[in-house]
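For reference, the structure is listed below as structure tokens.
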Amino acid sequence: MRRQFLAVCLALLWSALVPVAAAPAPDRNLGVADCAGSTCHGSIRPFADRQIRQDEYFTWQRKDAHGSAWKTLFTERARRITGQLGLGAPHEAQACLVCHAHAPPAEARGPRFQLEDGIGCEACHGPAERWIAAHVNELKTPEERVAHGMTATWDAKVRAGMCSGCHLGDAAHPMTHRIMAAGHPPLLFELDTFTALMPPHWDVDADYRQRKPATDTATNWLEGQIAATDAWLARMETGALGHGLFPELALFDCDACHHSMNGNRWRADRTPGLPPGQVPLADQPLVLVQAWAAAVNPAVADTMAVQRERLYQQYETDASRLREQAGELRGWLRREAWGRLRQGSADAGQLRQVLKRVAQNAENAQGGDFYYAQQTAMAAQVLAAAIGERGGSNGALRGPTDALYESVKNRDRFQPEEYRKALGRLSAALR
Ligand code: HEC
Ligand code: HEC
Ligand code: HEC
Ligand code: HEC
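Laid out in structure tokens, this is it:
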């Protein structure tokens, strides 16, 4: 007892005497007003003779959902969601602000910063304190920009991690089954599609390509799936598995539970190695990225298949072993797989193989899962476009990919038969 007391006193004394190394002050966010001057990014029309458009603010404010993400928190639907969750006003609830606004800690906010801006420029481009003055003329290379605290939004890998943090949820932006059951729309993301939908406030022209490494469609798709796989495994690994009898259902395939009971849905390949009736994991991105691996590095694909099966085996044991296996798979992917998949880039023929496999998986394993169907439809559109970009012929793919996309436009009107028919047409066009 005495000894313990002494130890505590010594520890207190020690902490009082030894100064804690002060953490460096974070870069401050200056606020959208600092970017939106009419001679900066707040022009109403793009400037023809400049490198950048300069109407970025206008696009963001008028056409981009990020510009109104904060206002969404004042809608009836938002109030209903926080009402169900007992959270009070949505625009004051941290659970919502993490994604519907740019909400850095107080010490990282400059005098003109305001939460009301929603997802402002600096949410994506990084806090501007150290780059605002220099970014117009001085910062010439991507490396110089990053060194001054700009986020490398031009890099598909960085962009994928940044967008999917909010669009699929991660540790800093938690999205749970509770929030969705309270009325939040289910989250869905594919990097290339969503970049086009923003819509872009930049032009990737010859001048842009000189200044920055431009990304292409196929790379966007791959990086999006990698980021999604990594974030999903990270959540599983760190034990965000839920409470009581039920695990965190957002880690599982929504449509495993939320579907009609017109039998004959179950497919053996969906939960490898397990008997009918298990709830499949939300492993779509892993399955998609495995399709890429099968075309560019079959050895990596084989190991991924074995590891995925192991995940399902552990799933039958207990939560801690499932977590361990998620950690092992994530570690292996980071050490061994991602690097190899990023090497070189798939040519048109390989992209055709990827698409073929995506269509095959969808036909064999996923039956009529809506979420999976959406992912498949986006993958088909993006990969077909990428085949064209790499000089392959994709004319015959347009009809089937459009039909596929059409079939998943509306969850409540989703007809699995229409979807399967479109899949069949796609497979035939790929033969
Ligand atoms: C800080 C979190 C955050 C980041 C980072 C983020 N988004 Fe969003 N995004 C949102 C939120 C929240 C919405 C919904 C806004 C609303 O409707 O209120 C949204 C909406 C969108 C929409 C419109 C979706 C629709 O159905 O209309 C697109 C497209 C989009 N984001 C693409 C992207 C892309 C591409 C990136 C990365 C370059 C990105 N987002 C980064 C939070 C984020
Ligand atoms: C993990 C990030 C994240 C969190 C946390 C989050 N949202 Fe969202 N929210 C989004 C994204 C992304 C969208 C756009 C979805 C899409 O269209 O793809 C969205 C859409 C919405 C919409 C529908 C907007 C529309 O135009 O239909 C409402 C309402 C909403 N969120 C309210 C809330 C509320 C209230 C909270 C807090 C309980 C919250 N959100 C927490 C990311 C998030
Ligand atoms: C949701 C994320 C997001 C938000 C919010 C956002 N941007 Fe961007 N911005 C991007 C991405 C992605 C790119 C394309 C990659 C790149 O060039 O950095 C880009 C590119 C740019 C470019 C580069 C154009 C070029 O030709 O080099 C400018 C300038 C820009 N944004 C300004 C703004 C301004 C000003 C705002 C706020 C009014 C803003 N952005 C808000 C994601 C975002
Ligand atoms: C293991 C089964 C299971 C999984 C997986 C699951 N849910 Fe649920 N969900 C339930 C149950 C049980 C309820 C509560 C009962 C009810 O309200 O129908 C529910 C309720 C809901 C509700 C509110 C009730 C309704 O039907 O409108 C929504 C919305 C919802 N879930 C969305 C999702 C989304 C999105 C996912 C995937 C991210 C998902 N669920 C994954 C079992 C599941």
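Taken in order, the sequence shown gives residues -21 to -1, 1 to 410; the numbers are from mature numbering (1 follows the signal peptide of the UniProt record, and there is no 0). The C-beta atom is built at its ideal place from N, Cα and C for all residues, glycine as well. Since the structure is predicted, the reported quantities are computational estimates derived from the model, not experimental observations.
Using 6 Å as the cut-off, classify the Cβ of residue i as near or not near the heavy atoms of ligand 2, replying yes or no.
i, result
"residue 309", "no"
"residue 163", "yes"
"residue 229", "no"
"residue 420", "This structure does not reach residue 420, given that the chain is present from -21 up to 410, and the question cannot be answered."
"residue 56", "yes"
"residue 65", "no"
"residue 305", "no"
"residue 148", "yes"
"residue 74", "yes"
"residue 61", "yes"
Along the chain, where does the alpha helix (DSSP H) containing residue i start, and where does it finish?
i, result
"residue 5", "First-last for residue 5: undefined, no H or E at that position."
"residue 181", "Per DSSP, residue 181 belongs to no alpha helix (DSSP H) and is neither H nor E."
"residue 18", "Careful: residue 18 lies outside any alpha helix (DSSP H) and carries neither H nor E."
"residue 205", "196 to 216"
"residue 349", "349 to 368"
"residue 377", "374 to 386"
"residue 33", "No alpha helix (DSSP H) holds residue 33; DSSP gives it neither H nor E."
"residue 55", "55 to 64"
"residue 93", "No alpha helix (DSSP H) holds residue 93; DSSP gives it neither H nor E."
"residue 332", "327 to 343"
"residue 258", "Careful: residue 258 lies outside any alpha helix (DSSP H) and carries neither H nor E."
"residue 403", "395 to 409"
"residue 228", "Counting along the chain, residue 228 falls outside any alpha helix (DSSP H), and DSSP gives it neither H nor E."
"residue 319", "317 to 321"
"residue 171", "170 to 176"
"residue 77", "73 to 79"
"residue 235", "233 to 236"
May I ask whether a heavy atom of ligand 4 can be found less than 6 Å away from the beta carbon of residue i?
i, result
"residue 258", "yes"
"residue 352", "no"
"residue 215", "no"
"residue 233", "yes"
"residue 154", "no"
"residue 160", "yes"
Just to confirm, does residue i get its C-beta within under 6 Å of one of the non-hydrogen atoms of ligand 3?
i, result
"residue 200", "no"
"residue 181", "yes"
"residue 419", "Nothing can be reported for residue 419: it is not among the residues displayed for the chain, which extend from -21 to 410."
"residue 110", "no"
"residue 71", "no"
"residue 236", "no"
"residue 35", "yes"
"residue 39", "yes"
"residue 205", "no"
"residue 20", "yes"
Quick one: which unbroken alpha helix (DSSP H) runs of 4-plus residues sit fully inside the stretch 105 to 157? Chain order, please.
121 to 126, 135 to 146
Give the residues whose C-beta lies closer than 7 Å to at least one heavy atom of ligand 1, in chain order.
44, 45, 47, 48, 51, 78, 79, 81, 98, 102, 103, 132, 138, 141, 142, 144, 145, 146, 152, 170, 173, 174, 176, 177
Suppose only complete runs of 4+ residues qualify. What are the alpha helix (DSSP H) ranges in the stretch 273 to 297, listed by chain order?
277 to 294
Looking at C-beta atoms only, is the number of pairs between the stretch 100 to 120 and the stretch 4 to 11 that lie closer than 8 Å three or more?
yes
Touching by the beta-carbon criterion (3+ pairs, under 8 Å), the stretch 284 to 299 and the stretch 318 to 327
no
Determine contact between the stretch 302 to 318 and the stretch 209 to 217, defined as no fewer than three beta-carbon pairs at a distance below 8 Å.
yes
Count the C-beta pairs between the stretch 370 to 378 and the stretch 268 to 286 that are closer than 8 Å, then say yes if the count reaches three, no if not.
no
Pair every Cβ in the stretch 260 to 280 with every Cβ in the stretch 193 to 207, then say whether three or more of these pairs are closer than 8 Å.
yes
Touch test, the stretch 359 to 377 against the stretch 178 to 188, Cβ-Cβ under 8 Å, three pairs minimum
no
Taking one C-beta from the stretch 120 to 127 and one from the stretch 36 to 44 each time, how about it: are there three or more such pairs within less than 8 Å?
no
Contact the stretch 389 to 409 vs the stretch 331 to 350: 3+ CB pairs below 8 Å:
yes
Is it the case that the stretch 105 to 116 contacts the stretch 24 to 42, given that we only count it when at least three CB pairs across the two stretches are under 8 Å?
no
For the stretch 325 to 334 against the stretch 362 to 369, do three or more pairs of beta-carbon atoms, one drawn from each stretch, fall closer than 8 Å, so that the two count as touching?
yes
Check whether the stretch 69 to 89 and the stretch 138 to 154 are in contact - that is, three or more C-beta pairs closer than 8 Å.
yes
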